[in-house]
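Input: a single structure, listed below in structure tokens.
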Amino acid sequence: MKRALSPQQLGRGPLPPTRPDDRAPAGGDDAASRPTRFVGWLGGFGCAAAGYAVFQFLFEVLPDSVAGEAAKYLVASVSGLGTALAAWLAAALVRARATAPDQRPPPPPAPTAGPVPGPLPRLFAATHDTLVDEVSAVDDPERGRLVGWSHSLGESTPSRPTSVGTAYGLQIMLDLGMPDGRLTPGELADTLWRLRLPDGGWSARSQGARARPEVTALVLGALARAGSTRGGQLAREVDLCTAAFTREADRAGRESTHVMTTVLRGLLRAAPDCDALPVLREALVDGSISDPGRDHLRCWGYRIDPPYGPPSPVHTAQAVLALDRAARVLGESAAVRAAREDGVRWLLSCPDAPHHACLDLEYRREEVRRPRPDDPAHHEVLNVRHFTASWIVRALLSPGALEVARQDGLEDTWRELLDGAAASVRAGQQDGIWSWERGDSTELRRPMWMTYQGVTALRAHAVWTYRPDETAPAR
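What follows is the structure, encoded as structure tokens:
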């Protein structure tokens with residue numbers, strides 16, 4: 045009875061695994077083994093036989109002019125011994141190389157697929173989807189169609205677009221990009237123009253019918269980012285804003301660090317050649333204070349006129365950011381540069397730890413109180429809430445802040461503080477939306493300004509930490 049042959053014996057199916065020492069050298073068997081076979085063939089005669097052959101050959105061919113028979117024997121013998129030794133060494137070398145392990149460096153690893161998208165794209169996609177889902181469209185009988193957002197998402201009262209909510213929403217969408225036509229910058233910008241007050245300018249919902257410089261500058265900056273040209277109506281609104289932002293017309297605003305820096309940032313976007321910008325910057329620099337608790341470094345409180353208030357991380361970050369942007373647009377004197385750099389060093393000198401939950405990152409609140417135009421005995425109160433961690437991220441990511449950290453040898457400190465603040469920002473969101481939770485049921489829970497600041501801070505942090513020349517490990 046014949047035994048059935050296996051598939052391998054029939055030449056079909058996979059062969060058994062090849063042992064490492066059975067593999068042929070790269071480049072082909074004939075090309076690689078020819079020198080080995082030649083030396084092996086030479087050594088096959090035997091060392092003595094090879095040496096004798098050379099001796100006999102030389103003894104026969106040496107001329108008789110070599111002095112005497114003994115001299116011929118000596119020359120032939122030395123040559124024969126040398127040949128025998130060379131053959132033995134060559135054969136030994138070939139055997140050693142054949143049995144030694146391969147010493148060549150290992151080949152580079154095969155290219156792997158890049159890392160999968162991280163959580164930030166998903167976070168931004170959730171932000172975009174929520175804003176699209178919760179946008180409000182209202183047909184106003186006087187102002188026409190309004191498309192935008194109220195001050196906060198998910199308000200219990202019927203939602204109606206406001207100047208502040210729509211300005212922040214427009215800037216969020218510009219930061220995230222608009223991949224489809226459900227919302228367009230032009231439509232949101234048109235709404236902002238329709239929300240303009242009859243006498244010009246814009247105000248917050250709680251400020252009534254009188255324009256306020258900080259809200260007007262915010263809206264003008266958003267309009268400029270969306271593509272509104274600097275001439276015509278935009279230029280007229282800039283003039284109205286700067287004319288109303290004087291000590292005589294708005295003393296409370298001119299004394300507020302928050303209001304001053306907001307106006308500076310908005311005008312730097314909308315009107316970088318505005319004559320008022322150098323004057324406002326000087327007022328901000330003059331309002332810095334010395335902090336004896338941090339090596340007498342200059343910083344800012346909530347006011348730029350006495351009483352300044354205690355040193356404030358959020359107001360110092362706002363001032364550093366505004367001064368850094370002004371430096372790129374206007375240039376800066378030595379005195380302005382020194383104040384800005386001191387503010388950066390003050391932020392870098394945070395004594396608390398860990399930095400993702402340090403005291404410098406605590407939320408802050410303040411009130412901007414202005415006399416009411418119709419009744420000076422009473423005040424209009426603007427409640428301002430500060431998302432401190434986002435401001436510190438943006439201030440530390442300014443080009444001037446990194447330059448100061450490098451000059452002072454504080455890059456590690458800068459990175460530690462920045463990463464801690466960014467971690468605090470990330471922790472404050474849910475599904476791409478940030479909430480202000482202070483335990484007071486009367487407060488708005490999901491303000492548009494807070495989501496804008498969170499998105500802006502994380503986007504800036506991601507851009508600065510991106511390293512295209514470094515390969516990230518595959519996930």
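The opening residue of the sequence shown carries number 45 in this note's numbering; numbering runs sequentially from there.
Cβ atoms here follow ideal geometry from the backbone N, Cα and C, with glycine treated the same way.
Keep in mind it's a predicted model, so treat the numbers as computed, not measured.
In this structure, the alpha-carbon of residue 385 lies about 32 Å from that of residue 217. Counted as a single uninterrupted DSSP element, the alpha helix (DSSP H) harbouring residue 178 occupies residues 163-178. Per the coordinates, the alpha-carbon of residue 505 lies some 20 Å from the alpha-carbon of residue 309. In the structure shown, residue 389 falls within a helical segment according to DSSP collapsed to helix, strand and coil.
Rounded to the nearest whole angstrom, the CA to CA distance from residue 313 to residue 213 is 17 Å. Between the alpha carbons of residue 501 and residue 185 lies a gap of roughly 38 Å.
Straight-line spacing of the CA atoms in residue 297 and residue 414 works out to 8 Å. Residue 440 is positioned such that its CB atom lies closer than 7 Å to that of residue 462. Judged by DSSP secondary structure, residue 299 falls outside any beta strand (DSSP E) and instead within the alpha helix (DSSP H) spanning 295-299.
In the three-state DSSP reduction, residue 429 falls in the strand class (E or B).
The Cβ atoms of residue 410 and residue 428 sit closer than 7 Å to each other.
Between residue 342 and residue 383 the beta-carbon gap is near 6 Å, inside 8 Å, which marks them as a contact. Selection 367, 179 and 219 evaluated against residue 235 yields 179 as nearest (Cα-Cα). DSSP, reduced to helix, strand and coil, places residue 250 within a helical segment of the structure shown. Under the three-state reduction of DSSP, residue 466 is assigned to helix. For residue 410, the enclosing beta strand (DSSP E) stretches over residues 408-416. Just so you know, the alpha carbons of residue 230 and residue 507 end up roughly 27 Å apart. The continuous beta strand (DSSP E) containing residue 333 extends over residues 333-335. Counted as a single uninterrupted DSSP element, the alpha helix (DSSP H) harbouring residue 367 occupies residues 357-374.
Within the same chain, and ignoring the five residues on either side of residue 215 in sequence, the residues whose Cβ sits closer than 7 Å to its Cβ are 266, 269 and 496.
Runs of the alpha helix (DSSP H) spanning 4 or more residues and lying entirely within the segment 227-297 occur at 229-238, 257-269 and 277-288, in chain order. Residue 347 carries a strand assignment under DSSP once its states are collapsed to helix, strand and coil. For residue 420, DSSP records no beta bridge to any residue. Per DSSP, residue 192 is one residue of the beta strand (DSSP E) stretching across 188-192. A straight-line Cα-Cα distance of about 18 Å links residue 458 and residue 359. Around the beta carbon of residue 356, a 10 Å sphere encloses 16 or more other beta carbons of the protein chains shown; the residue is thus reported as buried. Comparing alpha carbon positions, the residue from 311, 225 and 224 closest to residue 259 is 311. A direct Cα-to-Cα measurement between residue 252 and residue 199 gives close to 19 Å. Under the three-state reduction of DSSP, residue 478 is assigned to strand. By the neighbour-count definition (other C-beta atoms within 10 Å, threshold 16), residue 347 is a buried residue. Shown here, residue 443 sits in a helix according to DSSP, grouped into three states.
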